[in-house]
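*Asks:*
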Amino acid sequence: MILGTAWHNLLRWGDTVWRALASFVELLSELLGFGSDVDVHTAVTFRAIADAVLPETPALGAELGPEHVPGGVAIDLDEFVITYVDDGFQLGLPHVGAHGNVPLADPIAHALDVAALRLVDRGEHTSEPSGDRPVALLEPGEASPRAIRNAAGTFSKLSRRDRLRAIGLLDEFEITISPVDDELFEFDAGLVGQLVVGFTEMIYYSEWEGYDAFTRPPSERAHPNDPGAVQSWRQTGYPGFASGYAALRGYVGTDDGPLGDGDVWTTIDEDAASTVRLTRESGSFRENDYDTSGYEEPYPE
Amino acid sequence: MVAASYDVVVVGAGGDGPVAAWKLAEAGLSVLVLEAGPFYGNEQWPKPQEEPGGETSSSASDLSGDLLDEQFTTREFEMVTKLLFGPADHERGFWFRKFPGDGAILQCAGVGGTTLHYTGCHPRAYPASIDEQGHWPIDYADLVPYYREIEELCEVTPAPVTAKEELFFRGAAAAGWDLVDDLNVTGPGYRPQPNAIRQPDPKLHVDEGYDGDFTYPDVEGDTLALGDIAGNPHPRGAPYEEKAKRASNVSFVPAALKTGNVTIRPNAFVTDVLTETHVGDTPTATGVRFRDTWSGGTERVAADVVVLAAGAIETPRLWLNADLPANEWVGRGLTIHFGDNVMGLWDADDLRATVGKDTVDQHEGQDIAARFDYPGLGMLQTVGTAPGIGAVLGFGASASGFAFQNDPADAPWDTMGRLAGTTLKRLLSEYRRTLQVLVVTDDRPHRRNGVTVSPALADEHGPVPLVNFEPSEGDRKRRDELARIAAEILREAGASHVHRSDSPPTALHVHSTMRMGKVVDEACEAYDVDRLFVADHSALANGVGGANPTNTGQALAARTAERIVDRHF
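Chains Z and E are the protein sequences, given in the same order.
Counted from 1, the first sequence has number 264 at position 280 by the numbering used here; the numbering is strictly sequential.
Remember, the numbering used here sits 155 above the position in the second sequence when you count from 1.
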């Protein structure tokens, strides 16, 4: 489904309102400690994303151990995701953002509010939106509760589960943003879902947290590659990147065929016409004659 | 230096362009290869993402294993960001392509192209996909001599078995499937991957008790350290050409440079194909215009023959953005091996009984070393990943929403859909006891699927590509059947929980957008432009049955190079 005219208008109206609000809130937030380059609405929305996709999970602490409690917010995942999506895609046009990159964090945050409003409008939410939720996402001192309530959109006011439901609605429409006045930049809102769920999960479970600063030039980045240095590695048991493993068990082959040779390490299938084993050497594939005349389409077009 | 003219200009140094360049240069022709991305592991560009470096490379002595070691860190997030399709400059993001839904196109930029993050898998097409499906104007037998040539240069051999492959083979055997030991596969069964990765040093066998370094020359060949998707520079310390993974930058690029007839210019994005047209005649390609991605400057270079090898998205985009004749099949017929992921999770006790230890340890071994073939349906392959790539591939996207929104009560899987929140964290806490199986479908070419260019949005290289892909009913049925087989294999291997992603269309393998028989003839020369050839996966007439396409794309490129020499030199 393409986003209808009414939604386009709502998005644009929303944009206007947010821009007005944002400039006011930015002023406030600068006084209260937020960086001037990240809009409070955007910051709160991405915190709400990280909190829904990789939440703090006290229940897993009891079940699996204390290392499984902290989530994305504990390691400032939301702040990096904003940087990543703002730097991530480019048109190479110098008047569009830094280095030609198209800043996407703000429009993504607004798209999530549109999706959240649609969820609520359809009555598919399971608990009522509440201004207390975004306030609870920020630490005391990051911004005043009043400023957060003013800046927060519907998405961040939803429960964690409802935020995910709202993300699920994104596939249904397209988003139009205007990085410059005369050019419309349309993209399928499914990209938003991919960035806020897929990429967020990849970043969290990757080595990202271990860098001194990922934004440094590649030749100057340092990473300890210590399994204890990355929160998600402590949660997955991933041991870090290795130069090698002495993990070879052999090669699969049969007693009679060309695959497999040398000493047998174990047997895979004794019931096969020719017993399948793991052997020390690989043998080689057969350059076989082939006959396709009996080919039948399992599912014809 | 780039000269004013060459016998042949090849657009793109990905998986296939270097094969064509090598063959053409062996025949004595002068060849310029223009590549949009950087050249890693080359002394002309010591910091390829931070400064423009040199202009061209024409000698294999420029290739440096030390630089490749430094630049290919194997850190998954960094390497994915580094290799995906975008400009060399690390401060600039990916080049934008529009893809439907929450899928994506996974292609790389740089010398080596998408083989930089491919997993070395080099099976041939299923013969029936060429000879029986009605798409190809040539026979499978026409490709066989070229397969042999490619397999020899890429050193394709049966892949090694670690715990995760043993687990899969046991499951497949228990599910009643037979081992296939053929190169030309005509029936279903399981196999070791024919991988273009040198086999591991025998001293890495679990019984040898090896506890030394995994660096060259102590260890030669693969080191079973995973990391193919992240570039695989192993063994560390090895000269460039002794790296285990025979991606095209390690196999065909040195071979091409050693002829003395090939110049490679990276950071050069081709934006136009130049033609000459005599009255009443079809146009003839005379060269290309390209743009330096660092300086923004544009240059022209003349050639007697132009070969497009920019990949199945950029080759049709270039055609559509250049002033070339309209052809209703340019860009159309896209196949992407409409894929899915099915994952198994094991209890420690069950693993101990099956593979003799409490964990699968998917981070050990080659990324993809075991497969299941089913001509007519496609294939399955085990995938070991580091946890970040595993999370995004297996759980980051789904066409059926989040798992909590689905009730797969009667399905062969316990859960289906995208995962997030507590469920995701609980599952990833079992990372070392999980194994994903990638479902790769023999999707069929349809005209509605393909690449067009945006009438409204252009980047520095012209209107951006818009990709459309909607699987057919047959594609969905084939994929469902493969997913069912995957679930059964995992269950038979003892998995206690099976999860299906129901992935949205995502383009891991991209082909058939400039199809032989539709856009190009049997020699892969364009019907509508003389002396313009296509030598990449876009010339494939279909998705080769769902088998990994690299071998077939390279074999066809080798054949095309011979036809170019025959026809025009």
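Cβ coordinates follow ideal geometry from the N, Cα and C atoms, glycine included.
With a threshold of 8 Å between beta-carbons, can L122/Z be considered close to chain E, or not?
*Replies:* Residue 122/Z sits at position 138 when you count from the first residue of the first sequence. The beta-carbon of L122/Z is placed no less than 8 Å from the nearest beta-carbon of chain E.
*Asks:* Cβ of E161/E less than 8 Å from any chain Z Cβ?
*Replies:* Residue mapping note: residue 161/E aligns to position 6 of the second sequence, counting from 1. Residue identity differs from the one stated: residue 161/E is Tyr in this sequence, not Glu. Chain Z, which has no Cβ nearer than 8 Å to the Cβ of Y161/E, makes this no.
*Asks:* If you scan the stretch 279 to 322 of chain E from start to end, which runs of the alpha helix (DSSP H) of 4 or more residues do you find wholly inside it?
*Replies:* Segments of the alpha helix (DSSP H) lying fully in the stretch 279 to 322 of chain E: 282 to 286 and 295 to 309.
*Asks:* Drop a sphere of 10 angstroms on the beta-carbon of F227/E, count the other beta-carbons inside from all chains shown, and report buried for 16 or more, exposed for fewer.
*Replies:* Mapped onto the second sequence, residue 227/E falls at position 72. By the neighbour-count rule (16 or more Cβ atoms within 10 Å), F227/E is buried.
*Asks:* Between S140/Z and chain E, is any beta-carbon pair separated by less than 8 Å?
*Replies:* Position 156 of the first sequence, counting from 1, holds the residue named residue 140/Z. Not closer than 8 Å to any Cβ of chain E, the Cβ of S140/Z fails to qualify, so no.
*Asks:* Identify the continuous alpha helix (DSSP H) that holds E181/E and give its terminal residues.
*Replies:* Walking along the second sequence from the start, residue 181/E turns up at place 26. G172 to E181 is the extent of the alpha helix (DSSP H) around E181/E.
*Asks:* Would you call the stretch 644 to 660 of chain E and the stretch 393 to 411 of chain E touching, i.e. three or more CB-CB distances under 8 Å?
*Replies:* no
*Asks:* Name the two residues that bound the continuous beta strand (DSSP E) containing M498/E.
*Replies:* Taking the second sequence and counting its residues from 1, one reaches residue 498/E at position 343. Residues G494 to L500.
*Asks:* If we define contact as Cβ-Cβ less than 8 Å, is P39/Z a contact residue for chain E?
*Replies:* Residue 39/Z sits at position 55 when you count from the first residue of the first sequence. Yes, contact with chain E.
*Asks:* State the start and end residues of the unbroken beta strand (DSSP E) segment that holds E363/E.
*Replies:* Walking along the second sequence from the start, residue 363/E turns up at place 208. From DSSP, E363/E is part of no beta strand (DSSP E); its letter is neither H nor E.
*Asks:* Within a Cβ cutoff of 7 Å, which residues of the same chain sit near M669/E, ignoring the five residues on either side of it in sequence?
*Replies:* Position 514 of the second sequence, counted from the start, is the residue given in the question as residue 669/E. Taken in chain order, the residues that qualify are T470, P471, V485, V675, V689, S693 and A694.
*Asks:* Which residues does DSSP list as the beta-bridge partners of S160/E?
*Replies:* Position 5 of the second sequence, counted from the start, is the residue given in the question as residue 160/E. The secondary-structure analysis by DSSP pairs S160/E across a beta bridge with A457/E.
*Asks:* In the structure shown, what three-state DSSP assignment does V510/E receive?
*Replies:* Translated into positions along the second sequence, residue 510/E becomes position 355. Of the three classes helix, strand and coil, the one that applies to V510/E here is helix, per DSSP.
*Asks:* Please compile the residues from chain E whose C-beta is within a distance smaller than 8 Å of the C-beta of G72/Z.
*Replies:* Position 88 of the first sequence holds residue 72/Z. Simply G248 and F249.
*Asks:* Indicate whether at least one CB of chain Z lies closer than 8 Å to the CB of P315/E.
*Replies:* In the second sequence, counting from the first residue as 1, residue 315/E sits at position 160. P315/E counts as touching chain Z.
*Asks:* Give a yes or no on whether the minimum CB-CB distance between T276/Z and chain E is below 8 Å.
*Replies:* Here residue 276/Z corresponds to residue number 292 of the first sequence, with the count starting at 1. T276/Z belongs to the set of residues whose beta carbon lies under 8 Å from a beta carbon in chain E.
*Asks:* For V166/E versus L189/E, is the C-beta spacing smaller than 8 Å?
*Replies:* Reading the second sequence from its first residue, position 11 is the one you call residue 166/E. Reading the second sequence from its first residue, position 34 is the one you call residue 189/E. Yes, Cβ-Cβ distance for V166/E and L189/E is below 8 Å.
*Asks:* Would you give the residue range spanned by the beta strand (DSSP E) that P129/Z belongs to?
*Replies:* As a position in the first sequence, residue 129/Z is number 145, starting the count at 1. Taken as a continuous stretch (DSSP letters only), P129/Z belongs to no beta strand (DSSP E), being part of the alpha helix (DSSP H) at P129 to A135.
*Asks:* Would you say P421/E lies against chain Z (beta-carbon separation less than 8 Å)?
*Replies:* To locate residue 421/E, count along the second sequence from 1; it is residue 266. Answer no: the Cβ-Cβ gap between P421/E and chain Z never drops below 8 Å.
*Asks:* Taking a cut of 8 Å between CB atoms, which residues from the stretch 197 to 217 of chain E lie near chain Z?
*Replies:* Close to chain Z, meaning a Cβ-Cβ distance shorter than 8 Å, are the following residues of the stretch 197 to 217 of chain E: K202, Q204 and E205.
*Asks:* Give the range of the beta strand (DSSP E) segment to which S609/E is assigned.
*Replies:* Locating residue 609/E in the second sequence gives position 454, counting from the first residue. DSSP places S609/E inside the beta strand (DSSP E), whose first and last residues are G605 to D614.
*Asks:* Could you check whether the stretch 227 to 242 of chain Z touches the stretch 276 to 285 of chain E, counting it as contact only if at least three pairs of C-beta atoms, one from each stretch, sit closer than 8 Å?
*Replies:* At 8 Å Cβ cutoff, the stretches do not touch.
*Asks:* Which residues in chain Z have a C-beta closer than 8 Å to the C-beta of D504/E? List them in chain order.
*Replies:* Position 349 of the second sequence, counted from the first residue, corresponds to residue 504/E. Here the premise fails: no neighbours, minimum Cβ distance about 18 Å.
*Asks:* From the DSSP output, read off the bridge partner residues of S212/E.
*Replies:* The residue labelled residue 212/E in the question sits at position 57 within the second sequence. Partner(s): I419/E.
*Asks:* Out of L48/Z, T26/Z and R117/Z, state which residue places its alpha-carbon closest to the alpha-carbon of R218/Z.
*Replies:* Here residue 218/Z is taken as the residue at index 234 of the first sequence, counted from 1. For the residues L48/Z, T26/Z and R117/Z, the minimum Cα distance to R218/Z belongs to L48/Z.
*Asks:* Rounded to whole angstroms, what is the Cα-Cα separation between L663/E and I260/E?
*Replies:* Counted from its first residue, the second sequence places residue 663/E at position 508. Counted from its first residue, the second sequence places residue 260/E at position 105. Counting only the Cα atoms, I260/E lies some 6 Å from L663/E.
*Asks:* Locate the alpha helix (DSSP H) running through M671/E, then write down its first and last residues.
*Replies:* Numbered from 1 along the second sequence, position 516 holds the residue referred to as residue 671/E. In the DSSP annotation of this structure, M671/E is not part of any alpha helix (DSSP H), being labelled neither H nor E.
*Asks:* Going by C-alpha distance, which of L154/Z, T184/Z and V69/Z is nearest I742/E?
*Replies:* Beyond the ends of chain E as shown, which are 156 and 724, falls residue 742/E; an answer cannot be given.
*Asks:* Leaving aside the five residues before and after I33/Z along the sequence, list all residues of the same chain whose C-beta is less than 6 Å from its C-beta, in chain order.
*Replies:* The count along the first sequence starts at 1 and reaches residue 33/Z at position 49. Contacts found: V180.
*Asks:* Note down the Cα distance separating P118/Z from E193/Z, rounded to an integer number of angstroms.
*Replies:* Translated into positions along the first sequence, residue 118/Z becomes position 134. Translated into positions along the first sequence, residue 193/Z becomes position 209. Roughly 24 Å between the two C-alpha positions.
*Asks:* Please list, in chain order, the residues of the stretch 229 to 258 of chain E that have any C-beta partner in chain Z closer than 8 Å.
*Replies:* T229, R230, E231, F232, E233, V235, K237, G241, P242, D244, H245, E246, R247, G248, F249, W250, F251, K253, F254, P255, G256, D257 and G258
*Asks:* Could you compute how far the alpha carbon of G520/E sits from the alpha carbon of P355/E?
*Replies:* Walking along the second sequence from the start, residue 520/E turns up at place 365. Walking along the second sequence from the start, residue 355/E turns up at place 200. If you take the alpha carbons of G520/E and P355/E, they lie about 9 Å apart.
*Asks:* Is the stretch 271 to 279 of chain Z close to the stretch 156 to 175 of chain E, with three or more CB pairs under 8 Å?
*Replies:* no
*Asks:* If distances are taken between C-alpha atoms only, which option among R581/E, F232/E, G488/E and T341/E comes closest to E281/Z?
*Replies:* Position 297 of the first sequence holds residue 281/Z. If we check each option's Cα against that of E281/Z, T341/E comes out closest.
*Asks:* Identify the continuous beta strand (DSSP E) that holds F688/E and give its terminal residues.
*Replies:* Your numbering for residue 688/E matches position 533 in the second sequence. F688/E -> beta strand (DSSP E) spans L687 to V689.
*Asks:* Give the straight-line distance between the Cα atoms of F139/Z and Q215/Z, rounded to the nearest whole angstrom.
*Replies:* As a working note, residue 139/Z is residue 155 in the first sequence. As a working note, residue 215/Z is residue 231 in the first sequence. The alpha-carbon atoms of F139/Z and Q215/Z are separated by roughly 27 Å.
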